[in-house]
Structure formats: C-alpha cells, structure tokens
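Numbering-wise (this note's numbering), the sequence shown opens with residue 184 and increments by one. A quick write-up on the structure given underneath.
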Amino acid sequence: MSYRDLPKVELHLHLEGGAPPSFIAGLAQEKNMDISGIFTPDGGYAYRDFLHFLEVYETATSVLTTPEDYRRLTLAVLEQSAANGVVYTESFISPDFCGGRDVAAWRDYLAAIRDAADEAERKMGITMRGIVTCIRHFGPERARETAICAAETAGDWLTGFGMAGDEAQGKPADFAWAFDCAREAGLGITVHAGEWGGPESVKDAIDALNPARIGHGVQAWHDPALVEEIARKGIVLEVCPGSNVFLGVYKHRHDHPIEKLRESGVAVTVSTDDPPFFRTDMTSEYQMLNRVFGWDEDDFRALAQEAAAAAFCDEPTRARIRKLLEPAE
184 MSYRDLPKVE LHLHLEGGAP PSFIAGLAQE KNMDISGIFT PDGGYAYRDF LHFLEVYETA
244 TSVLTTPEDY RRLTLAVLEQ SAANGVVYTE SFISPDFCGG RDVAAWRDYL AAIRDAADEA
304 ERKMGITMRG IVTCIRHFGP ERARETAICA AETAGDWLTG FGMAGDEAQG KPADFAWAFD
364 CAREAGLGIT VHAGEWGGPE SVKDAIDALN PARIGHGVQA WHDPALVEEI ARKGIVLEVC
424 PGSNVFLGVY KHRHDHPIEK LRESGVAVTV STDDPPFFRT DMTSEYQMLN RVFGWDEDDF
484 RALAQEAAAA AFCDEPTRAR IRKLLEPAE
C-alpha cells in the first residue's frame, strides 16, 4: 500500500489555510479584487516569514465574503484531503472571518460549511468536524464574542474550540473566559502553543486553559519536566512537521523533535496546518517521516488510531473512523 492510500486522520487543519492558491486567485478574479501580490510566479503563496505569512493569510481570506464562498472553499479543501487518504479531519473555522462574530451571520456561514462537508462525505468518503478558533492577536474581547458564537452552535458537528494566531500577543490567561465558555458548552479544548513561544508558552497554556490538545507544542521538547507533564496528563500534541520546517521553527527535518517526543511517551499526531502555504499534504508528511525517522506502515496506522482517539467527535463516529483505519483482511 502506498502512503497516499493509507487511511489518515488529521486534527490540525485551518480551513482558509487549506485553500488552493488557484481557488483564491480565481475567486478574487470573479470579484475583481487585485491580490496578485500574495502569489509567487508559479502560482503559490508568497511570504517572507511567519508574521508576513499571517498578513498573506488574511489577505487571501479577504476574498471569502459570503457563505457560498465558504461552501465552495470547504469542498475544495476536502477534495485535496480525501485525495491524500484522509478519512476524518477536524478543521479550524473562525467567526472572525465568517460573519464578523455576529451569531446570526455565523450560523449562515456554518450551515454552508456543513452542507459542503455533508456533500464531501457522501461523494468522497471523508468526515469533517469543526473547531471554532479565536485569533490570539485580535485580543481577548473578540475571543469572548467568538466563544459565544461557538457555544451557541455547539453540537454533533461543531465539536471543539481553540486559539490560533501570534503567540507573542497576550497571555493564555487573558483568554480564560472564552475557553471556560466553550468548555461549559461541551466543546473539546485545544490551543496553539509552543510553535514560536518556547516551552513556557506551552506551560502557560496548560496551566491557564487546561486543554485536551495542544496545537504544535513542539517547543515543549526543550523542557524535560514539561514533556513529562504532558505525557502524564495525556495531552495530545497536534504536530505539523512540514509546517515547522518550512517556517523555520526547525532548520532541518532531522532536527524536528516529533520522534523524541513520541519516544518520551507523548501522544503525537501529524497534520499539515496550512498545506498549500507550506507546499505539503498528508502524503508528503508520511513520506518525510518514513525517510527521516524510518516510520513504517505500522507506525502510521498507530499514529492514525492515536489521532482518532483524540478526535473531538461522538463515540459512534469515532468507532466508525477507527474501523476504517484497520488493515483490510
């Protein structure tokens, strides 16, 4: 079986960040919007560093202005995921970009996204669930509004709450109200930390927000006591190796700590983050892990089962997905 054909579970995928550049460029052309400066000559996304990446990301997202745009986006993203063997994916969705944190408008966007997800499940065999995400550098007040949107629409499809954005802005404790609101609504909790902020950002997120999962979290490796705490508490890391190397968090693939974290008893999963921005996909991630660390089919099946166990979905869905991950008899 090829790595592309192996059934996969992805827990860390930004919906807008999964947008093929050709889709964004085409939509901009339809709307007579000139965003040509965010593309490379070969049609990819162009940016200098992480902060510029955030600017380019928000510029790309600016062409997505209606629920129908998001319906089309969701289908385009899920088509790419399904083509790389993903059978279950959780995607970060932000009311900041979908209706300006107005609950009524957010419901319209969410309905369009879910409609596309249902169509993709029927036609492509991929199951999607949504994680509402507040944007850290937008501040705690906007995060409160985002959490209210999440709480009002929590259920069998909208199953998680998280935070992305610039880790240098604010402290996790500043966002405690938003996370408490989401938790009370029954949503699974994840938070981006330890991508750029060092191990202390992971420690602060754990202490202030009590997440079940950490987005990235790789900088935790530099604090052995923190690694032990993460393993002991069963906190799952949503690791995105290709993203980390592309952005320069680690200079070389063999410097990446995913193997060391795994050997230390930390539950790790593998995702693509914003795949077209980082010129990756889930097949490429698997191929890299095989090439650099020698992971084989058994490792990848165990990895997918670990991700399925950590998914923010109901138990019948989890059981169905885990069945898909088993080798064919």
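Ideal Cβ placement from N, Cα and C applies to all residues, glycine included.
- Within the DSSP bridge table, the entry for Y228 names F222 as partners.
- In this structure, F460 lies away from Y271, with their beta-carbon atoms at least 9 Å apart.
- In the DSSP assignment, S274 falls outside any alpha helix (DSSP H) and lies within the beta strand (DSSP E) extending over V269 to I276.
- H399 is not a Cβ neighbour of P382, given a cutoff of 9 Å.
- In this structure, T455 sits near G425, with a CB-CB distance shorter than 9 Å.
- Here L234 is exposed: its Cβ has fewer than 16 other Cβ atoms, across all protein chains shown, within 10 Å.
- Apart from sequence neighbours up to five positions away, the residues of its chain that approach A368 with a beta-carbon distance below 7 Å are A333, A334 and A337, ordered along the chain.
- Here A208 is near F222, since their CB atoms are less than 9 Å apart.
- As computed with DSSP, E193 is found in a beta bridge with T272.
- P510 and E350 have their C-alpha atoms roughly 40 Å apart.
- Per DSSP, V432 has no beta bridge partner at all.
- Setting aside the 5 residues that flank it on each side, L293 is surrounded in the same chain by T336, each with a C-beta closer than 6 Å to its C-beta; the list follows chain order.
- Contact annotation: H197 and F275 have beta-carbon atoms nearer than 9 Å.
- Looking at the DSSP output, C317 sits in a beta bridge with M346.
- For the pair G348 and L247, the CB atoms are not nearer than the 9 Å cut-off.
- Under the three-state reduction of DSSP, T373 is assigned to strand.
- For V246, the secondary structure class from DSSP, reduced to helix, strand or coil, is coil.
- Across the structure, L261 and A300 are spaced so that their CA atoms are roughly 8 Å apart.
- Beta-bridge analysis with DSSP links D456 to L196.
- If you look at V422, you'll find it isn't in any alpha helix (DSSP H); it sits in the beta strand (DSSP E) that goes V419 to V422.
- As a beta-bridge residue in DSSP terms, R312 pairs with E273.
- Taking a 10 Å sphere around the C-beta of R254, we find 16 or more other C-beta atoms and assign the residue as buried.
- Rounded to the nearest whole angstrom, the CA to CA distance from H375 to A361 is 15 Å.
- Take the alpha-carbon of M311 and the one of E273: they are about 6 Å apart.
- Within the same chain, R436 and H437 come within 6 Å of V475 by CB-CB distance, once the 5 residues on both sides are set aside.
- Comparing alpha carbon positions, the residue from A211, Q488 and D225 closest to T244 is A211.
- With fewer than 16 other Cβ atoms inside 10 Å of its own Cβ, E498 counts as exposed.
- In the three-state reduction of the DSSP assignment, V451 falls in the strand class.
- Judged by DSSP secondary structure, G398 falls within the beta strand (DSSP E) whose first and last residues are R396 to H399.
- Setting aside the 5 residues that flank it on each side, P190 is surrounded in the same chain by G268, V270, A487, L507 and L508, each with a C-beta closer than 7 Å to its C-beta; the list follows chain order.
- Counting along the chain, A361 sits inside the alpha helix (DSSP H) bounded by residues A359 to E367.
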